[in-house]
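First residue of the sequence shown: 27, per our numbering; consecutive thereafter.
Glycine included, every Cβ here is placed at the ideal spot set by N, Cα and C.
No experiment lies behind these values; they were computed from the predicted model shown.
Here's the structure, in structure tokens; my notes come after.
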Amino acid sequence: MSRPGNPAPARPGARAAILLALLAPCFWGSTYIVFTQTLPVEHPLLVAALRALPAGILLMLLGAGLPPREKLGRLLLLGLANIGLFFALLFFSAARLPGGVAATLSSSQPLVVAFLAWPLLGRAPRAGQVLAALAGLAGVAMLVLDSRAQLDLAGAVAALLATCCMAMGTVLIERWGRLGTPLQLAAWQLALGGAVLLPFALLVEGVPPAPDARNLLGFAYLVLPGTALAYWLWVRGIAAAGARLSFFGLLSPVVATLLGATLLGEWLAPVQMLGIVLVLGSTFAGMLLSRR
27 MSRPGNPAPA RPGARAAILL ALLAPCFWGS TYIVFTQTLP VEHPLLVAAL
77 RALPAGILLM LLGAGLPPRE KLGRLLLLGL ANIGLFFALL FFSAARLPGG
127 VAATLSSSQP LVVAFLAWPL LGRAPRAGQV LAALAGLAGV AMLVLDSRAQ
177 LDLAGAVAAL LATCCMAMGT VLIERWGRLG TPLQLAAWQL ALGGAVLLPF
227 ALLVEGVPPA PDARNLLGFA YLVLPGTALA YWLWVRGIAA AGARLSFFGL
277 LSPVVATLLG ATLLGEWLAP VQMLGIVLVL GSTFAGMLLS RR
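Written out as structure tokens, the structure is:
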């Protein structure tokens with residue numbers, strides 16, 4: 027018998043959804059190299075908006091449809107938390123912080139989720155969950171921090187706020203229950219969040235030059251597997267596993283580091299290999315601890 031406030035063991039179909047959700051942070055980890063190598067880095071907010079909005083519209087055309095009016099308020103809040111505010115704050119922090127610092131701060135999401143679930147879901151964090159999250163943070167720090175890393179206060183605050191936004195969205199999805207199918211929830215969040223972010227990006231950054239073939243290829247990757255597919259798998263996994271799925275997000279900086287090593291010649295030092303072991307270990311330890 028499961029304890030009050032703790033989820034029951036996953037059914038076979040739910041386990042498949044959880045395993046497929048592993049692909050989402052892998053896609054997200056690959057977006058860093060796609061962004062820096064194929065897209066205009068001087069327009070990060072606009073790239074973020076054009077990544078989210080077309081993906082949301084595509085998923086709506088593929089069957090999600092328009093969001094129901096009676097659920098629009100909650101869906102807008104989720105779109106702002108998980109997409110609009112998250113993307114804006116994340117790219118603001120990336121412009122002011124070394125990538126290693128930003129990645130380390132954003133990887134604290136599982137710890138934030140564990141504590142937000144206490145007042146919102148009535149599920150107190152266990153000591154093991156907190157230790158697993160801290161171990162994951164240590165692993166990410168070993169992967170990406172170096173002696174040249176410097177801390178910009180505004181950038182650090184923005185990164186932490188971005189983490190809190192997505193953590194809040196993750197917990198609210200579990201608290202509010204079924205607002206739609208996984209496909210619908212992914213589509214509506216992306217469309218609403220992107221629609222809010224787009225005018226802000228145009229106001230701040232202006233209109234970019236016409237895209238070339240490389241830009242179009244990069245956008246195609248970001249919109250299709252990097253966003254539409256990834257967010258659908260992520261929301262589907264949350265529906266099956268709950269907020270504890272946030273531990274999978276620790277895989278994103280691991281993938282980003284591995285791609286940098288293999289494709290850009292940024293080879294891993296022994297301490298970085300140890301960091302990968304810590305991140306992977308904490309990811310699965312957090313999942314196992316949350317199921318007990």
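Check: Buried versus exposed, by CB contacts within 10 Å (16 or more), Arg-149; Outcome: buried
Check: Supposed contact pair Pro-80 and Val-233 - C-beta distance, whole angstroms, cut 8 angstroms; Outcome: The Cβ separation is near 17 angstroms, so there is no contact.
Check: Cα-Cα separation, Trp-202 to Leu-163; Outcome: 29 angstroms
Check: Runs of alpha helix (DSSP H) wholly within the segment 131-169 (minimum 4 residues, chain order); Outcome: 135-147
Check: Reference Phe-274; option with closest CA among Val-305, Leu-285, Arg-204, Pro-296; Outcome: Val-305
Check: C-alpha distance - Lys-97 paired with Leu-131, whole-angstrom precision; Outcome: 32 angstroms
Check: Range of the contiguous alpha helix (DSSP H) that encloses Glu-200; Outcome: 179-202
Check: Rounded distance between the beta-carbons of Val-261 and Pro-296, thought under 8 angstroms; Outcome: About 37 angstroms separates the two Cβ atoms, so there is no contact after all.
Check: Arg-240 - containing alpha helix (DSSP H), residue span; Outcome: 239-249
Check: Buried or exposed (CB count within 10 angstroms, at least 16 for buried), Gly-99; Outcome: exposed
Check: Given Leu-146 as reference, the closest of Gly-206, Leu-198, Ser-119 once Cα atoms are compared; Outcome: Leu-198
Check: Inter-residue spacing [alpha-carbon to alpha-carbon] between Ser-119 and Leu-179; Outcome: 10 angstroms
Check: CA-to-CA distance, Glu-231 to Ser-272, given in whole angstroms; Outcome: 31 angstroms
Check: Boundaries of the alpha helix (DSSP H) in which Arg-262 is found, first to last residue; Outcome: 256-267
Check: Outcome for Gln-210 when other beta-carbon atoms lying within 10 angstroms are tallied against a minimum of 16; Outcome: buried
Check: Assumed close pair Ala-140, Ala-159 - CB separation to whole angstroms, cut-off 8 angstroms; Outcome: 6 angstroms
Check: Beta-carbon contacts of Asn-108 that lie in its chain and below 8 angstroms, excluding the five residues immediately before and after; Outcome: Cys-191, Met-192, Gly-195, Thr-196, Gln-215, Gly-219
Check: Distance between beta carbons of Leu-116 and Ala-188, contact taken as under 8 angstroms; Outcome: 4 angstroms
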